[in-house]
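Note sheet for the following structure.
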Ligand code: ATR
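Now the structure itself:
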């Protein structure tokens, strides 16, 4: 049976095994998917052991996405732009290929939520790996202008330097005053119950406040946006599922439906 796995450290909380097993059932794919805890300094060895024992492909999560990028022999344009790999597979010529489906997962989820990205002005908060991987796919989807605001402005500037003038870097306190129909929180502040400190005025014309973090309850950023009257809020569960679906499609050539799996995970989170 074809073997797949997610590599991370820690890995116990990963929903990837559940998601991919559900996708496999749905798409009638005979495959295994497991979670592998790799030592922080031993990702490459873990991956090689896995391939030697028949592994066909893998997902890579924190803290190994940059190491997977270094290890891959062939990188997709998306992976190169993100500087990180979340999906690995061995091609028919035996080469290790690295891709990144995080950004296209975000775009797919925004589309599912009814956002029209063509011509849209986006405020993207945060300048870590999550943010960096999202920018290329957002621009490709037609985003007209992307304001990248970060607490540490130099990090936003360093990322913006990889893109054209559609991407503008600034600090959280000097965000240009204009309408932002879509605001995306790509900071990790939600993991500790916080939110990025930005002025309320930037939410005035927003239709959707999207947080890449997810949990049982709406994140602090989503709750705040709701209080300020933003009509729609969403967390990153849909993005998690859509990046997984894109990886699954790369490996198996069939595209799973994320909705039924999302419904199950939402129920699990609620108990
Ligand atoms: P990831 O790979 O998830 O993006 P990361 O690379 O550690 O994680 O980046 C975390 C991002 O969240 C950074 O942009 C960080 O801001 P700084 O660059 O100024 O550190 C941002 N962040 C974390 N906590 C935050 C908070 N409470 N308010 C605003 N930004 C925060």
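Residue numbers (this note's numbering): 13 to 283. Just so you know, even glycine gets a beta-carbon here, dropped at the ideal spot from N, CA and C. The structure displayed is predicted, hence computed values, not measured ones.
Review point. With 16 other CB atoms within 10 Å as the buried threshold, where does residue 199 fall?
Key: buried
Practice item. Verify the contact flag: residue 162, CB atom, against every heavy atom of ligand 1, threshold strictly below 7 Å. Key: yes
Exercise for review: If I'm right that residue 181 touches residue 190 with Cβ under 8 Å, what's the distance once you round it to whole angstroms?
Suggested key: That belief does not hold up - the Cβ atoms of residue 181 and residue 190 are roughly 15 Å apart, past 8 Å.
Point to revise | Integer Cβ distance of residue 268 from residue 260, believed to fall under 8 Å | key: 6 Å
Check your understanding: Mind checking residue 212: buried by the 16 CB within 10 Å criterion, or exposed?
Key -> exposed
Check your understanding: So is residue 279 buried or exposed if we call it buried at 16+ other beta carbons inside 10 Å?
Key -> exposed
Check your understanding: For residue 111 versus residue 143, is the C-beta spacing smaller than 8 Å?
Key -> no
Review point. Taking just the CA atoms, how far does residue 36 sit from residue 266?
Key: 10 Å
Exercise for review: Identify every residue that forms a DSSP beta bridge with residue 186.
Suggested key: None; residue 186 has no bridge partner.
Review point. DSSP on residue 134, reduced to helix/strand/coil?
Key: strand
Check your understanding: Are the Cβ atoms of residue 253 and residue 224 separated by less than 8 Å?
Key -> no
Review point. If you compare alpha carbons, which of 22, 178 and 106 is closest to residue 160?
Key: 178
Point to revise | Counterpart residues of residue 14 in DSSP-defined beta bridges | key: 43
Exercise for review: Can you say whether residue 41 is buried or exposed, counting buried as having 16 or more other CB atoms within 10 angstroms of its CB?
Suggested key: buried
Practice item. Please name the residue or residues paired with residue 195 in a DSSP beta bridge. Key: 135 and 221
Exercise for review: Name the two residues that bound the continuous beta strand (DSSP E) containing residue 68.
Suggested key: 67-72
Point to revise | Any non-hydrogen atom of ligand 1 closer than 7 Å to residue 26 Cβ | key: no
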